[in-house]
Structure formats: structure tokens, C-alpha cells
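Chemist: Note that full-length UniProt numbering has the sequence shown beginning at 1, numbered continuously upward.
So that we are looking at the same thing, I have put the structure below in C-alpha cells.
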Amino acid sequence: MLDIIDNPQYRKVVYKTSSQVSKTTLLNSAIFYWMFTDPSNIGVAQSTGNELKQWKAGKIDTTIEAVPELKNLATDKNDKRYANNQNQIQMKDGTFLYFMSLGSPNHLRGKTLKRVVLDEVSAIDNSDEGNPIRLAENRITDFGNEGKILISSTPTYSGDAIDIEYQNSDQREWFVKCPHCHHEHTLQWGNVIFDWEQVGSRKLPNPKSAKLTCPECQEHITESQRIKIVARGRWIALRPEVLDTAGFHINRLYSPNSTIESITYDFRMAWLEYSNQSFYNTVLGLHYSEMQTDLDLLKLDNLRDSTFDLNNIPDEVLCIVMGVDQQLDRLECQVLGFSDKELYVLGHRFFYSPNCEVRGAKAYQELSQFISQPFKTVSGRRVKVLKAFVDSGNGRATQTVLSYCNSSSILMAIKGSSSKTGTLFKETTSAGNKWCNLNVHEGKMWIRNLINNALSENPDDAPLKILFSHDLPDDYFEQLTSEELRRKGDGFAWLLKQGQKRNESLDTLNYALIAMKYVLSKLGSQPFKELRLYAAKQREEKQIPILEEQNDKYEKKSKLRKPRSSGNNWFG
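Right under this line is the structure:
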């Protein structure tokens, strides 16, 4: 994998790997080798500025400082005569080591580079500035066959950046020979067998029973045998006709630092937490496609539960949150009740006005009345509405929504963020207005996981189940699945499927789920304990204020006002 960087036949080398297989060490070795043997301008790029800073400070700077042969090549970082900073290291011969963020492709422009190293290319956000891989290729054109670009990443989804680069390479896999029958094969997760054990109400993989087997003779390959056959293996190109791009795929099953038992334990945790994507990406070095498969609308419609709705709220519900979408002629509100183990989609309501972009529209008054009504469980316990997230992303209605949300601490204006790598929510205050920026991409990923779990063979095994009321709109599930994960620019995004026009059910559920996460983050280290204690108190009192009264009628307000603080008491 490293020796090939000296081969002039290959201008591009692709590394599609799992995590913890010394990928970063390999890339660093290539950089230091070039620095010492053939000085030239080298570009080093990571997916984000923070990742780049950690790589430079934690790996490259410390190694250069610790190795005399490398330190002697670099200029003194404290000498003002040289251009050393966070973005570059100047060498004594006048060449540079440049550090760039893949999130800002313009960093690659205007630089003449003989060699470029790109890491975690599949984590790149969409950008209008250009494809960083194509820009990097353009930077090395002046050097002909001497130019070299290394592209590395853990995969995410089918068709992501590293998947495309690997598909266009000669696709090398590491083949080993069975110690029993000498069958030559690759190590794959399908060849690991293990027993299942009952843990509570769920069956989980038993890591101690895990064994690696030969796909041909089915014989058990022990740990010591695995390490030996890996050491004696060889790379075989699955597309030898590709002559200018070498591609390598490797995963943790080959690693001498991992065991089959530890890898099976990772699978156990992924199974327990319904996070198979993480296991496929980081352990197996494979893309994950369950987010991209079509869902059966008939099966989804059969998830409607006739036992609950807004008039028959289950006693398991501890509190309620809401997600509201603003359209020109209406507000759509999704109501979500939840406990620590279940999510109950209780209802989806519409509030109409001729123009919901103007202040004082009747729909906002009706929404306030709806939120402030006394919601009760089937046993008569009142259920508190803790937060309602209201979309303010429509530029023509932003000030209207901000003004409306300033009328109550229960209401929170929100805006969807284009970033897919940021936090799930981030509070922002400006000019007396408070709102939350939401990572809607991450929220939709969560929704798809919840739906996949609900449609699985063992939905009751899920750590968090989502349940749907029987009286949701007829097209609710059509809208819930109206978007698909597909390539957009240099990354992936949830986009409307061809022929689909409406996605309000998806958006409002997304807002409500993130509102729930927001609420839980405000209730301390044991939020569900706090909620259960509050629910127990309501069983005794049978009375609770739902929504603080407004001092002034909404339609009479002419100025924006800061939201009222509920202090440390979230329950009024």
C-alpha cells in the first residue's frame, strides 16, 4: 500500500478502509518519505478545519520535531523570515507543506503541487466552489507522471466520494489462503459465525462464541492462524485493466490489533443500538445502503395503531413536544408524545389562514389555543407540552415567526442548517430574537433508522420504538418517505423523490424529534427520572398549567420581545 507511491505508473492511489487499520500512519509515512527523498510542494487536506488542525498538531508537527532528519529539513517556526503558520510549513529548500480543508475547495486553487494527500473525502459537505478531488488532480498536472495524489476515506453510502474513486481504480483486495484447504479468499464478515444469547427481551450476538471460518471448507481459522495467513497474503486487482489508478480496500478483520471476538462485540453493540451503519463503515470498511432502499408504503400504513390518538394518549407518555411547519396558507403541527422507550406520533393538525406570512394571521392564534389545551392520558393525568419548534426558514415569514415565538417560552423558532456534520441543534440569539439551527440531515437519518426498525422482523427489540396513531392524514406515510438520500454535488443530501411535492410530515416529525432532544438536554443527567417524578406528581394533583398566558393579545403586538425564561423549572 505504501510502496506503490514510488511507482510512476499510478498517478492516483485510493485507500478505502475501515478505521483503526493505521490509515493515518500510512499517509503520514508517505508525506515524510517525500519530504526526505524528493522535496517538493505537498498538499495535505482533511474533511474539516478542526480535523486538519488535529492532524497537523498531533501527528505531523510532533513527528517533524521528534525526528532530527525531518526537523533539519524544516525552517524554524519562530523565525520571522519564513512563512510558517497553521496553513503551511516552509522547508529550507523553499518548498512548502500546505494544509487545507476539503470543506473549502478554494484552498486548492492557486497552488502548484507535485503531490496531494486527501483524507476522509466521503465526509465532505456540499460546496459550490468545486469538487476538491478534481481540483487536486488539476494541481498536479504540470508534473506529468511524477505527480501523485493519494485519496483516502472510510466509506459512508453507496456512491459516496471514496466509493466512486475505488470503483474507478483497479480494486485491489487482500487475499489469504485457508490454513486447512488452501482456498484463496478475502476475509468477510459473512464468514464469521457466532451464537445468539438471550439478554432480557432481546437476542444478541455472543462474542465469545465467534469464529472465523473458511468459505470453502467451513473449517475454523484460529486467531494465530488468521494473523499468519494475513501476513502471507497478497493483493489481487479485481480490475487489472485499469492501469493508472491503484485502489486498496482493507478492513479490521485483517488487523493484528483486533480479534474476531472484539469485532463481534462491536457488532453486538451496533445490533443493540440499531447502528449498523457505523459497523459497516468503521469496522468493515463498506458503504451502507439501507438508508437508500425504497420502503413499502403498504407495510408502513399497517403501522397505524388504533389504540391511541390525541384523545386517547397512552399513560406511558411522559410529556409532549411539537414540530410546526409554516406554509403560505397554513401551519402544520405534528404532536409527539414520548417516554424513555417509545415515541408516540399522536396526531398531525392543520391551521389555515389566507396568508401565514403576516403577523396576526388566525392560524397562529389557533395554534396557540391548540398547544394550550389540556392534553390528558387515558387515566386522566395531564401531559405537559414542553416545547414546540416552529420553522422560520421561509424568508418572507421569518420576522412573523420570530415575533410569534417570542410570545411564549414554550415556542422556539428554528432554521434548518445545510451542514451535515454540525450538532443536532444549536441555540442562537440575535437582535433580541432566539432560535435554534437544526441539523435536519442528521434528524432525517434518525427518522429513517426508526422507520427501518419499525419495519424489521423484531421491532420490539429496538431500544426506542416509534408508534403511529391511526388518525394521521391519509398521505402521511407518503410524505414521510417523500425524500431519498442521493448524491448532490460532492456529497449526499435528502432530496425529494421524482414526482413528490410535499414533505411536511417528514419535516414536522424531524422538528418534533429534535425538540425532544433539546428538552432532554435541559433536564440534567437523568432527564427521564425528572419526567417520571413530574408525571407522578400530576397523578396526585390532576392539574397543571399547560401554557403561560400572554400579557397582550398577539395580534396587538407591534414590537418584538425577548422570550420569557422558564428558569430551571421546565414544568411551569
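A virtual CB, placed ideally from N, CA and C, is assigned to each residue, including glycine.
Check each candidate in D79, N72, I466 and I60 and name the one with the smallest Cα separation from Y98.
Modeler: Answer by Cα proximity: I60.
Chemist: Alpha carbons only, please: which of K177, I124, K444 and W235 is nearest the one belonging to E4?
Modeler: The question names Glu, but residue 4 in the sequence shown is Ile. I4 has its Cα closest to that of W235, out of K177, I124, K444 and W235.
Chemist: Expressed to the nearest angstrom, what Euclidean distance is found between the alpha-carbon atoms of P563 and S409?
Modeler: Low confidence applies to P563: its pLDDT is 38, below 50, so where it sits in the model is not reliable enough to give any reading.
Chemist: Relative to the C-alpha of G393, which candidate in M1, A493, I414 and N131 has its C-alpha closest?
Modeler: Residue I414 is the option with its Cα nearest to G393.
Chemist: Just to check my reading of the structure: F389 and V324 have Cβ atoms closer than 8 Å, yes? What is that Cβ distance to the nearest angstrom?
Modeler: 7 Å between Cβ atoms; contact.
Chemist: By Cβ distance below 7 Å, which residues in the same chain neighbour K350 in space, the five residues on each side in sequence not counted?
Modeler: The amino acid occupying residue 350 in the given sequence is Phe; Lys does not appear at that position. Correct list, in chain order: R330 and E332.
Chemist: Count the other C-beta atoms from every protein chain shown that fall within 10 angstroms of the C-beta of V13, then say buried if there are 16 or more, exposed otherwise.
Modeler: Classification for V13: buried.
Chemist: Quick check for students: name the residue ranges of the beta strand (DSSP E) that lie wholly in the region 166-229, counting only runs of 3 or more.
Modeler: Those beta strand (DSSP E) runs which fall completely within the region 166-229 and span 3+ residues are 172-177, 196-199, 202-205 and 211-213.
Chemist: Run through the region 414-453 for me and flag every whole beta strand (DSSP E) of 3 or more residues, listed as ranges in chain order.
Modeler: List check, beta strand (DSSP E) in window: 425-430 and 433-438.
Chemist: Check whether the region 206-220 touches the region 270-285, counting contact only when three or more Cβ pairs, one atom from each stretch, lie closer than 8 Å.
Modeler: These segments do not touch.
Chemist: To which residues of the same chain is S339 closer than 6 Å at the C-beta, ignoring the five residues directly before and after it?
Modeler: If we look at S339 and ignore the five residues flanking it on each side, its Cβ neighbours are E316 and L318.
Chemist: Figure out for me which residue from D163, V345 and A136 has the closest Cα to the Cα of H287.
Modeler: Answer by Cα proximity: D163.
Chemist: Could you tell me the boundaries of the beta strand (DSSP E) in which S101 lies?
Modeler: Element bounds for S101: F96 to S101.
Chemist: Tell me the DSSP secondary structure of I320 in three-state form.
Modeler: Strand, per DSSP.
Chemist: Scan the region 13-82 and note each continuous alpha helix (DSSP H) run of 4 residues or more that stays entirely inside, going in chain order.
Modeler: Whole alpha helix (DSSP H) segments, 4+ residues: 23-37, 49-55, 61-66 and 68-71.
Chemist: Label K384 either buried or exposed according to how many other C-beta atoms from any shown protein chain fall within 10 Å of its C-beta, with 16 as the threshold for buried.
Modeler: Answer is buried; the Cβ neighbour count reaches 16.
Chemist: What are the boundary residues of the alpha helix (DSSP H) that includes S152?
Modeler: Premise fails: S152 lies in the beta strand (DSSP E), K148 to S153, not in any alpha helix (DSSP H).
Chemist: Would you mind stating whether Q225 and P179 have Cβ atoms separated by less than 8 Å?
Modeler: Yes, these two residues count as a Cβ contact at 8 Å.
Chemist: Between the region 520-532 and the region 346-361, can you find at least three pairs of beta-carbon atoms closer than 8 Å?
Modeler: The region 346-361 is not in contact with the region 520-532.
Chemist: Which residue from R81, A83, N50 and Y33 puts its Cα closest to that of I64?
Modeler: Among R81, A83, N50 and Y33, the Cα nearest to that of I64 belongs to Y33.
Chemist: Report the option in I313, G380 and L204 whose CA atom is closest to the CA atom of A270.
Modeler: Selected option, being the one with the closest Cα: L204.
Chemist: Kindly give me the distance between the Cβ atoms of L295 and T481, rounded to whole angstroms, as I take these residues to be in contact under 8 Å.
Modeler: Indeed, because the Cβ distance is near 5 Å, the residues count as touching under 8 Å.
Chemist: Would you mind working out which of K522, L303, N168 and D266 sits nearest A246, comparing C-alpha positions?
Modeler: Answer by Cα proximity: N168.
Chemist: Identify which residue in I227, Q171, T259 and S258 has its Cα closest to the Cα of L243.
Modeler: Ranking the options by Cα distance to L243, first place goes to Q171.
Chemist: Give the DSSP bridge partners of Y344, in chain order.
Modeler: According to DSSP, which records beta bridges pairwise, Y344 is partnered with G337 and L467.
Chemist: Beta carbon of F194, beta carbon of T264: below 8 Å?
Modeler: Result yes, Cβ atoms of F194 and T264 sit closer than 8 Å.
Chemist: Can you name the residues that DSSP bridges to residue 590?
Modeler: Since the displayed the chain opens at 1 and closes at 572, residue 590 lies outside it and no answer follows.
Chemist: Assuming D142 contacts T112 under a Cβ cut-off of 8 Å, what Cβ separation, rounded to an integer in Å, is found between them?
Modeler: That belief holds up - the Cβ atoms of D142 and T112 are roughly 6 Å apart, short of 8 Å.
Chemist: With a cut-off of 8 Å on the beta carbons, I'd call V44 and I31 a contact; round off their distance for me.
Modeler: The Cβ separation is near 7 Å, so the contact holds.
Chemist: Under a Cβ-count criterion, where at least 16 other Cβ atoms within 10 Å of its own Cβ denotes burial, should D391 be classed as buried or exposed?
Modeler: When all chains shown are included, D391 counts as buried.
Chemist: Report the three-state DSSP secondary structure of I236 (helix, strand or coil).
Modeler: I236 falls in the strand class under three-state DSSP.
Chemist: Residues in its own chain within less than 8 Å of I229 by CB, not counting five upstream and five downstream?
Modeler: Closer than 8 Å at Cβ, skipping near neighbours: V176, K177, C178, P179 and I221.
Chemist: From the DSSP output, in three-state form, read off M412 for me.
Modeler: Strand, per DSSP.
Chemist: Would you kindly work out how many angstroms separate the C-alpha atoms of G144 and K16, rounded to a whole number?
Modeler: Spanning the two alpha carbons is a distance of roughly 25 Å.
Chemist: Name the DSSP bridge partner or partners of D305?
Modeler: DSSP output for D305 lists S469 as bridge partner(s).
Chemist: Whose C-alpha, out of L386, Q327, S122 and S19, is nearest the C-alpha of D507?
Modeler: Residue Q327 is the option with its Cα nearest to D507.
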